[in-house]
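Taking my numbering, the leading residue of the sequence shown gets 142, the next gets one more, and so forth.
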Amino acid sequence: MSNQIRVRIAPSPTGPLHIGLARTALFNLLFARKNKGTFILRIEDTDLERSDPKFEEDIKDSFNWLEIIWDEFYKQSERIGVYKKYLQKLLDEGKAFWCYHTVEELKKESEEQMARREAPRHICEHKYKNAQIDQKGIIRLKVDENATRVIHFNDLIRGTIEWKENLIGDLSLAKNLETPLYNFAVVIDDYETKISHIIRGEDHISNTPKQILIQEALEIEKPQYAHLPLILGPDRTKLSKRHGAESVKEYKEQGYIPEAMINFMALMGWRPGKIEIKGEKPEDIYSIEELSALFDLKDVQKSPAVFDIKKLNWMNAYYIHQLTPEQFRTTIMPFITNNLEIDGVKDEYLEKIRHMMTERMEKLSDAADFDYFFKEPEYKRELLNWKNTPAEAIKKSLNLTKEALEPVDWNIFDKDYIKIKLDEIAKTEFAGDRGAVYWPLRVALTGRETSPDPVDILEVLSKEEVIKRLDKAINKINLNI
Numbered sequence: 142m143s144n145q146i147r148v149r150i151a152p153s154p155t156g157p158l159h160i161g162l163a164r165t166a167l168f169n170l171l172f173a174r175k176n177k178g179t180f181i182l183r184i185e186d187t188d189l190e191r192s193d194p195k196f197e198e199d200i201k202d203s204f205n206w207l208e209i210i211w212d213e214f215y216k217q218s219e220r221i222g223v224y225k226k227y228l229q230k231l232l233d234e235g236k237a238f239w240c241y242h243t244v245e246e247l248k249k250e251s252e253e254q255m256a257r258r259e260a261p262r263h264i265c266e267h268k269y270k271n272a273q274i275d276q277k278g279i280i281r282l283k284v285d286e287n288a289t290r291v292i293h294f295n296d297l298i299r300g301t302i303e304w305k306e307n308l309i310g311d312l313s314l315a316k317n318l319e320t321p322l323y324n325f326a327v328v329i330d331d332y333e334t335k336i337s338h339i340i341r342g343e344d345h346i347s348n349t350p351k352q353i354l355i356q357e358a359l360e361i362e363k364p365q366y367a368h369l370p371l372i373l374g375p376d377r378t379k380l381s382k383r384h385g386a387e388s389v390k391e392y393k394e395q396g397y398i399p400e401a402m403i404n405f406m407a408l409m410g411w412r413p414g415k416i417e418i419k420g421e422k423p424e425d426i427y428s429i430e431e432l433s434a435l436f437d438l439k440d441v442q443k444s445p446a447v448f449d450i451k452k453l454n455w456m457n458a459y460y461i462h463q464l465t466p467e468q469f470r471t472t473i474m475p476f477i478t479n480n481l482e483i484d485g486v487k488d489e490y491l492e493k494i495r496h497m498m499t500e501r502m503e504k505l506s507d508a509a510d511f512d513y514f515f516k517e518p519e520y521k522r523e524l525l526n527w528k529n530t531p532a533e534a535i536k537k538s539l540n541l542t543k544e545a546l547e548p549v550d551w552n553i554f555d556k557d558y559i560k561i562k563l564d565e566i567a568k569t570e571f572a573g574d575r576g577a578v579y580w581p582l583r584v585a586l587t588g589r590e591t592s593p594d595p596v597d598i599l600e601v602l603s604k605e606e607v608i609k610r611l612d613k614a615i616n617k618i619n620l621n622i
């Protein structure tokens, strides 16, 4: 094996790309970029019954969206001939054999072992028989059930890991010469594509001694291993659907920004050493270039990482606030409700509302809460009510506000002057209760209970639009609708 760093991510196309595998892919990419190595995407689709091309496309699309870009690409289903060659080699050398036990027999054996609290393993008598009856069984690797050896390997994150060989049993390699199983196909692919480091989740630790036995039988060099901590939900249980979205596609649809996802995933189970980052920005905010330069497996923690949605939302909000005017236009469009078309909206207008929106958004989907910037709001009359203020008083407030705004020259809009006029109405007509003036105005302009300061919204909307919305609110009270 050469000294070149070569790593891989190997998802099975049996479902959407989930956040855990995306994090593993990112760690592989960062390791490769840090060491000027090669990052490989391998689709493990030998399970033809469960594999689906649509999930392969989802995996590729999700990686592309995150900008986790691979240097080489392979599909196991296109390499059947390669696996067959190695399987035949092991059979010819007597290191593998055909096992003819039925599924029912194997299941019964496993249940009996578990009842005796033994590690499930299959010791097959067929490995002592030379004759091949037919090819209706499965191919297994011969493993010495009486071995006293302890298989050990050095995990780059966890240190030395040991496994007793006699607890493994005769390994399943393939259903037949044309259908390799996971552990065998993985070993062959990693060897053929010269993988130097296997960086994967800790749930694969138990597979490692099995793969080492296959490597030894084939007399091929072993890669180095690093097993990442699992990701847990806030309640310290395995991350699942009940903790929120699982797939990368769902995060995209909810309005998360890829840069935020990358930044967040990188810090799940890894912390950079002491560093000095140029420029002013919050702690824990890193660009992909900075992450690549800083990444080191020795800084990966052994304990499980906790998925903190609040931190993800905070990071996403930060990246939303950094959007340029052009990025703001292109990213917000898919998230405005009712498919509102903003292509024709002038850049000057978008720039006026950009900061008001991005300062209040955690996800791009929050843009739907600001649709009143692009269309007349819809709301029920009751929303205009301020506490226990009678309807006639609310109508009076809206009329007085309209009268105060009509003489204003919008070309020299003075927010301080507007606030003084509105505060005067509150003082003289509503005993200083500013809510009786500002609340109905807010609802008339936005149709919502929460929004930026109504005076800030006044400055953005045209005078004609403001008067139109105030008239609509007054009419709602008149007609009680």
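A virtual CB, placed ideally from N, CA and C, is assigned to each residue, including glycine.
Per-residue burial, P154 [other beta carbons within 10 Å of its own, 16 or more giving buried]: buried
Which ranges does the alpha helix (DSSP H) cover as unbroken runs of at least 4 residues, wholly within the segment 440–483, from first to last along the chain? Counting only runs that start and end inside the segment 440–483, the alpha helix (DSSP H) elements of at least 4 residues fall at 450–462 and 466–473.
Within the chosen definition, does the segment 387–407 reach the segment 452–467 through at least 3 CB pairs nearer than 8 Å? yes
With 16 other CB atoms within 10 Å as the buried threshold, where does I336 fall? buried
Which one of C240, P261 and W239 has the shortest CA to CA distance from K249? Across the set C240, P261 and W239, the C-alpha of P261 shows the shortest separation from the C-alpha of K249.
Length of the line joining the Cα atoms of K277 and Q229: 15 Å
DSSP three-state call for H293: helix, strand or coil? Strand, per DSSP.
Note down, in chain order, each residue of its chain lying with its Cβ closer than 8 Å to the Cβ of S203, except the 5 sequence neighbours on either side. Within its own chain, the residues whose Cβ lies closer than 8 Å to the Cβ of S203, once the five positions on either side in sequence are excluded, are P157, L158, A163, S388, V389, K390 and K393, listed in chain order.
Looking at the secondary structure, which residues open and close the beta strand (DSSP E) in which W304 lies? G300 to K305
Given F511, which residues of its chain have a CB within under 6 Å of its CB, disregarding the five upstream and five downstream residues? Only M498 meet the Cβ criterion.
Contact check, T179 vs R147, beta carbons under 8 Å: yes
Find out if the Cβ-Cβ distance for the pair A358, K236 is shorter than 8 Å. yes
Note down, one range per segment and in chain order, each alpha helix (DSSP H) of at least 4 residues found wholly within the segment 554–592. 556–570 and 576–587
With a 10 Å radius around its C-beta and 16 neighbouring C-beta atoms as the bar for buried, classify D440 as buried or exposed. exposed
Could you tell me the boundaries of the beta strand (DSSP E) in which H338 lies? H338 to G342 is the span of the beta strand (DSSP E), which, as asked, contains H338.
Taking C-beta to C-beta, are Q365 and H345 nearer than 8 Å? no
My output table needs one value for M142: the three-state DSSP class, helix, strand or coil. Caution applies to M142, whose pLDDT of 49 falls short of 50 and renders its modelled position unreliable; the value that the coordinates give is listed next. Coil at M142, not helix or strand.
Y332 versus E362 - alpha carbon distance: 8 Å
In three-state terms, what does DSSP make of N551? The question names Asn, but residue 551 is Trp in the sequence shown. W551: helix per DSSP, three-state reduction.
Whole angstroms is fine: what's the gap from L297's alpha carbon to D212's? 24 Å
Pick out whichever of W551, E590 and K556 has its Cα sitting closest to the Cα of E606. W551
Any contact of the segment 319–326 with the segment 368–381, i.e. 3+ C-beta pairs under 8 Å? no
Could you check if P370 is buried or exposed, using at least 16 other CB atoms within 10 Å of its CB as the buried criterion? buried
When the Cα atoms are used, what is the spatial distance from M255 to V327? Going from the Cα of M255 to the Cα of V327 covers about 28 Å.
Return the CA-CA distance between A639 and I535, expressed in angstroms with no decimal places. As shown, the chain starts at 142 and ends at 622. That puts residue 639 outside it, with no answer to give.
C-beta contact flag for F448 and M502 at 8 Å: no
DSSP puts P623 in a beta bridge; with which residues? Residue 623 cannot be examined here, being either before or after the span of the chain that is shown, 142 to 622.
Contact defined as beta carbons within less than 8 Å: I believe D624 pairs with R183. What is the distance between those atoms, to the nearest angstrom? Outside the shown range of the chain, which is 142 to 622, sits residue 624, and nothing can be said about it.
In chain order, what residues of the same chain lie with their CB nearer than 8 Å to the CB of W206, ignoring the 5 residues before and after it? If we look at W206 and ignore the five residues flanking it on each side, its Cβ neighbours are V389, K393 and P399.
Label P531 either buried or exposed according to how many other C-beta atoms from any shown protein chain fall within 10 Å of its C-beta, with 16 as the threshold for buried. exposed
Assigned secondary structure, H345 (DSSP; H/G/I helix, E/B strand, else coil): helix
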